[in-house]
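The structure appears right after this line, and notes come after that.
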Amino acid sequence: MFEFDITANDDSGARCGRFHTPHGILETPVFAPVGTAATVKALQPRDLRELGASLVLSNTYHLYLRPGDTLVRDLGGLHQFMQWDGPLLTDSGGFQVFSLSQTRKIDQDGVTFRSHIDGSAHRFTPESSIAIQENLGADIIMAFDECPPPNDYDYVKQSLTRTHPWLERCQAAKQRSDQALFGIVQGGIFRDLREESAAFMAPLDLPGYAIGGLAVGESKAEMYRVLEWLQPVLPRHKPRYLMGVGAPEDLVNAVLRGIDIFDCVLPTRLARHGTALVRGGKLNLRNRQFERDERPLSEDSPIAQYSRAYLRHLVKANEILAHVLLSLHNVGFLLDLMTEMRQAIRDNRLRAFAADFLVEYPEPQEQE
RNA sequence: GCGGGUGUAGCGUAGCGGUUAACGCGUCUGGUUGUGGCCCAGAAGACCGUGGGUUCGAAUCCCACCACUCGCC
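Each step along the first sequence adds one to the number in numbering that gives the first Met the number 0, with nothing skipped, and position 318 is 317.
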């Protein structure tokens, strides 16, 4: 279980792989839609399968608070609960503790925080995060880490003195053998800290390695640079997971730099905010230019039977169907992009594919 | 018919003698990367019901008219 076979290499450094999980094989590079509260908002598992999704991410923090991880366990685990029989991944709750909780207190042992739902007090430690994730029962579980602001060298350096021991504690606390524990490399935008973090984790022989703390405010150029630094120092024969990244141009640029797994709320969040991802950018369907536009979003969209004018109407009227249709479109768009990239890698022409795909996107700026 | 009240941006309102008439919603345009159906930033939009008067100066005070509204015949 959890073998990672590399099945194709591209001159760029990108690779295709097969990651074996108890609920099926992931063909990488793969994009995972996010199902925070045990649902990819607006979509059923049936829709996800038809769109070609293979991996779904769900959130430890959210499920712990509501409905509770022990309830999910008692009802047969997360796969059974949400009726998704493919591979699942849960994050550790670390990120949400930092991004959603108003008041939180970090110490060497863990984090005390308040629920964003009712203000009640809670505490996560590496041990409790693993226990919750074992109750949920995803195929891939994540180490409890701290996601620090990426530009503050002293803080990021000190943060590693928590994240690294926490990873070892996660390993020690883990009991189930049917779940793969991934470590999360931190280190902000600093080369020495990133290399230090990767060097610490590589010998732990984890089934996979995530890159955290990116796409949190630094520039795209800085993010890509971090990926290039990590490329030679992460174990080659293990999947590499870039957490929270899902802008189309970022997916392409990260696959070029050796990333195998992605997750992101972007396609479903943009959908709920009325924006459609299309080749070369995105369409804000609130814009008046679509008022009488009878064309589909794109010819190959899973919702190509609907006009932009109709979708604009649904968005402006805040109709539920707008969320459903645009979620189908945006998730489908990213999954199709991943499929195209896997084929390009097999054909050893990813650089050409990327150059063609990225020509319509703006160049990454040093500071944004 | 009599008496009272109200007319300010598409809608709801604030301002009640003193720069360039304000706010919310809506509209328009950006933003959204390990998810609060949000949120943030910017823009357009007003013969202040109509006509007259008082005043250095009127959305603001006075008169008439019109419209809406409440009460009473």
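Quick reminder that beta carbons are idealized off the backbone N, C-alpha and C, glycines included.
message = Give me, in chain order, the residues of the same chain whose beta-carbon lies closer than 8 angstroms to that of residue 49; leave out the 5 immediate sequence neighbours on both sides.
response = 301
ask   = What residues in its chain sit with their C-beta under 7 angstroms from that of residue 353, if we drop five residues either side in the sequence?
value = 251, 255
query = DSSP on residue 194, reduced to helix/strand/coil?
reply = helix
Contained beta strand (DSSP E) runs [length at least 3] in the stretch 10-72, N- to C-terminal order = 14-20, 23-27, 29-32, 55-57
ask   = For residue 146 versus residue 80, is the C-beta distance shorter than 8 angstroms?
value = no
ask   = Is residue 315 helix, strand or coil by DSSP?
value = helix
ask   = Between the Cα of residue 178 and the Cα atoms of 102, 68, 201, 139, which residue gives the shortest distance?
value = 139
task = Specify, as a first and last residue, the run of the beta strand (DSSP E) that residue 280 falls within.
result = 280-283
ask   = Are the beta-carbon atoms belonging to residue 52 and residue 330 less than 8 angstroms from one another?
value = yes
query = Which of the three DSSP states, helix, strand or coil, is assigned to residue 106?
reply = coil
query = Do residue 182 and residue 155 have their CB atoms nearer than 8 angstroms?
reply = no
message = So, at 8 angstroms on beta carbons, what are the nonlocal neighbours of residue 227 in its own chain, with the 5 sequence-adjacent residues on each side left out?
response = 256
query = Which class does residue 236 belong to by DSSP, given the choice of helix, strand or coil?
reply = coil
message = Please classify residue 137 as buried or exposed, where buried requires at least 16 other C-beta atoms within 10 Å of its C-beta.
response = buried
query = Mind checking residue 0: buried by the 16 CB within 10 Å criterion, or exposed?
reply = exposed
ask   = Taking Cβ to Cβ, would you say residue 114 is nearer than 8 angstroms to residue 64?
value = yes
key: Close Cβ partners of residue 338 (< 7 angstroms) along its chain, the five nearest in sequence each way excluded   = 51
inquiry  = Going by C-alpha to C-alpha distance, which of 236, 32, 40, 69 sits closest to residue 86?
reply    = 32
request  = Could you tell me whether the stretch 30-45 touches the stretch 101-121, where touching means 3 or more Cβ pairs closer than 8 angstroms?
outcome  = no
inquiry  = Taking the alpha-carbon of residue 116 as reference, which of 36, 175, 131 has the nearest alpha-carbon?
reply    = 36
request  = Below 7 angstroms CB to CB, which residues in the same chain sit around residue 77 once its five sequence neighbours on both sides are set aside?
outcome  = 37, 57, 71, 87, 135, 136, 137
Closest by C-alpha distance to residue 91, when choosing among 74, 110, 60 = 60
key: CA-to-CA distance, residue 99 to residue 150, given in whole angstroms   = 20 angstroms
query = When DSSP labels each residue in this structure, what does residue 387 get in the three-state scheme?
reply = What is shown of the chain runs 0 to 367, which leaves residue 387 out entirely.
inquiry  = Buried or exposed, going by whether 16 or more other CB atoms sit within 10 Å of the CB of residue 6?
reply    = exposed
task = Could you round the C-beta distance between residue 207 and residue 237 to whole angstroms and report it? I think they count as a contact, below 8 angstroms.
result = 5 angstroms
task = Could you tell me which of 13, 3, 4 sits nearest to residue 347, measuring between CA atoms?
result = 13
query = Where does residue 160 land, buried or exposed, given buried means 16+ other C-beta within 10 angstroms?
reply = exposed
request  = Please state if the CB of residue 281 and the CB of residue 296 are separated by a distance shorter than 8 angstroms.
outcome  = no
query = DSSP on residue 277, reduced to helix/strand/coil?
reply = strand
request  = Pull up the distance between the alpha-carbon of residue 34 and that of residue 83, whole angstroms please.
outcome  = 11 angstroms
ask   = Which class does residue 80 belong to by DSSP, given the choice of helix, strand or coil?
value = helix
message = Applying the 10 Å Cβ sphere with the 16-neighbour rule, what's the burial state of residue 420?
response = The shown model of the chain, from 0 to 367, leaves out residue 420, and the question about it has no answer.
Closest residue to residue 311 among 349, 271, 333 (Cα-Cα distance) = 271
task = Return the first residue and the last residue of the alpha helix (DSSP H) that residue 220 is part of.
result = 219-229
request  = Can you check DSSP and say which residues form a bridge with residue 112?
outcome  = 103, 121
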